[in-house]
Amino acid sequence: MTAVLRNHTALIVEEDIGFLLWLGDLLTDAGYRTIPSSACRQATKFARELGVPIHLTVANLRMKGATSMLRALGAAHHNLKIIAIGAPESKGPVQVPATAILEKPRGSDIVSREDWIKRINRAVTDAPPLASAATSGRSS
Amino acid sequence: MLPAPALKRTAGSAEYRKDPRLHPRYPISLDLQYKILKGRHVEHFGDGRTLNISSGGVLFETSNFPDLETCFEHERVELAMEWPLLLRKMCAMKLVVRGHIVRRDSGKLALKIEQHEFRTAGVKVRV
């Protein structure tokens, strides 16, 4: 398994606690220190309390306050990369400052840890950090 | 800084098919401490390990859960799991889940989640 950013910190925000811990386990395995959270306000509080620089945020777009949280985190953490988890049934453009958007697996999907690591690594390496994306005119 | 310890996998968890039930279960293995609560009183405590977790419940195994008929109906059970986020050699996060035992099969117990919270160590730690 390839780890792109060893010993970097990832903040994961997801209301489904099973998926949240599974993602946390997966990113820990890839070399990240992971901070799990099941609410946006809580995630912001953790980021402030723990006082560590956040390098990657993975967040469920459907959660209340997700967009404002992502904007605030992007402003507070230099070179933050954001992976938004969009539900498969999401429609229309997503107005979030994300560097990549991945879909949450559905109930009948076969979920491969290695496949998800590859998708996250691809998103982290291919996409510019939020600050770069904003200055180059990319919206998502 | 020490790297966070890797979580231990449950057998066959590298790839799995999620079942179509309401709350898909994700295989994850975390050490836990449990408490059986009666009001604010701790009736019994012990340790174990999670087998899988969904948004609605936790399946865990333990060798020392008491054989209490009443624990299925009256007592609340609290599970505390340390999340492997290490900052300056100390574990900075803990997940606490409370609920009721809804199924028991030998040493495996299914807890229906009624409440959960993440806790930090309460101190600001800089790295």
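Residue numbers (this note's numbering), protein chains in the order written: chain A, 1 to 140; chain B, 1001 to 1127. Ideal Cβ placement from N, Cα and C applies to all residues, glycine included. Just so it is clear, the structure is predicted and the values come from calculations on it, not from any experiment.
Exercise. According to a CB-to-CB cut-off of less than 7 angstroms, which residues of the region 48-61 of chain A neighbour chain B?
Worked result: From the region 48-61 of chain A, only GLU49, LEU50, GLY51, VAL52 have a Cβ closer than 7 angstroms to chain B.
Exercise. By the 10 Å Cβ neighbour count, where 16 or more other Cβ atoms means buried, how is PRO1066 (chain B) classified, buried or exposed?
Worked result: Exposed, by the Cβ-count rule.
Exercise. Hey, is GLY86 (chain A)'s beta-carbon within less than 9 angstroms of any beta-carbon in chain B?
Worked result: Among the residues facing chain B, GLY86 (chain A) is not included, as its CB has no counterpart in that chain under 9 angstroms away.
Exercise. Helix, strand or coil: how does DSSP classify ASN121 (chain A) here?
Worked result: Collapsing the DSSP output to three states places ASN121 (chain A) in a helix.
For this session: Just the C-alpha distance for ASN79 (chain A) and THR1050 (chain B), rounded to the nearest angstrom, thanks.
Result: Taking the Cα positions, ASN79 (chain A) is about 35 angstroms away from THR1050 (chain B).
For this session: Quick one: grab the DSSP three-state call for MET63 (chain A).
Result: It is coil, neither helix nor strand.
Exercise. Near ALA123 (chain A), what residues of its chain come up, given a Cβ to Cβ distance below 8 angstroms and the 5 sequence neighbours on each side ignored?
Worked result: Cβ neighbours of ALA123 (chain A) within its own chain (closer than 8 angstroms, five residues either side excluded): LYS81, ILE83, THR99, ALA100, LEU102.
Exercise. Looking only at C-alpha atoms, which of B:GLY1057, B:PHE1045, B:LEU1095, B:ALA1092 sits nearest to VAL1102 (chain B)?
Worked result: Ranking B:GLY1057, B:PHE1045, B:LEU1095, B:ALA1092 by Cα distance to VAL1102 (chain B) puts B:GLY1057 first.
Problem set entry | Straight-line Cα distance separating ASP115 (chain A) from ARG62 (chain A) | Rounded to the nearest angstrom, the gap between the Cα atoms of ARG62 (chain A) and ASP115 (chain A) is 23 angstroms.
Exercise. Residues of chain A with a CB under 8 angstroms from the CB of ARG1025 (chain B): which are they?
Worked result: Chain A residues near ARG1025 (chain B): GLY18.
Exercise. Beta carbon of SER104 (chain A), beta carbon of ASP16 (chain A): below 9 angstroms?
Worked result: The sequence shown places Lys at residue 104 (chain A), not Ser. Cβ distance < 9 angstroms, so LYS104 (chain A) and ASP16 (chain A) count as in contact.
Exercise. Skipping 5 residues on each side, what residues in its chain have a beta carbon closer than 8 angstroms to that of TYR1034 (chain B)?
Worked result: The answer, listed in chain order, is PHE1045, GLY1046, ASP1047, GLY1048, PHE1060, THR1062, PHE1065, VAL1077, GLU1078, LEU1079, ALA1080.
Exercise. Beta carbon of THR99 (chain A): closer than 8 angstroms to some heavy atom of the ligand NAP?
Worked result: The ligand NAP is absent from the structure shown, which contains no ligands of any kind.
For this session: With a threshold of 16 other CB atoms inside 10 Å of the CB of VAL1097 (chain B), please say whether the residue is buried or exposed.
Result: With 16 or more Cβ atoms within 10 Å of its Cβ, VAL1097 (chain B) is classed as buried.
Problem set entry | ARG1025 (chain B) vs GLY18 (chain A) beta-carbon contact at 9 angstroms | Yes, they are a contact pair.
For this session: Could you pull out every residue in the same chain whose Cβ sits closer than 8 angstroms to the Cβ of ARG33 (chain A), ignoring the five residues on either side in sequence?
Result: Excluding sequence neighbours, ARG33 (chain A) sits near ASN7, HIS8, THR9, ALA10, VAL52.
Problem set entry | Span of the beta strand (DSSP E) around LEU23 (chain A) | Element bounds for LEU23 (chain A): not the beta strand (DSSP E) but the alpha helix (DSSP H), 17-29.
For this session: Taking only beta-carbon positions, decide if LEU1051 (chain B) is within less than 9 angstroms of chain A.
Result: Nearest CB-CB separation between LEU1051 (chain B) and chain A: not below the 9 angstroms threshold.
Exercise. Can you find a CB in chain A that lies within less than 9 angstroms of the CB of LEU1030 (chain B)?
Worked result: The C-beta of LEU1030 (chain B) comes closer than 9 angstroms to at least one C-beta of chain A.
Problem set entry | Counted within 10 angstroms of its Cβ, other Cβ atoms place SER1106 (chain B) as buried (16 or more) or exposed | Flag for SER1106 (chain B) reads exposed.
Exercise. How would you label PRO88 (chain A), buried or exposed, when you count the other beta carbons within 10 angstroms and need 16 or more for buried?
Worked result: Note that PRO88 (chain A) has pLDDT 43, beneath the 50 cutoff, so the model's placement of it is unreliable and the number below is only indicative. Exposed is the call here.
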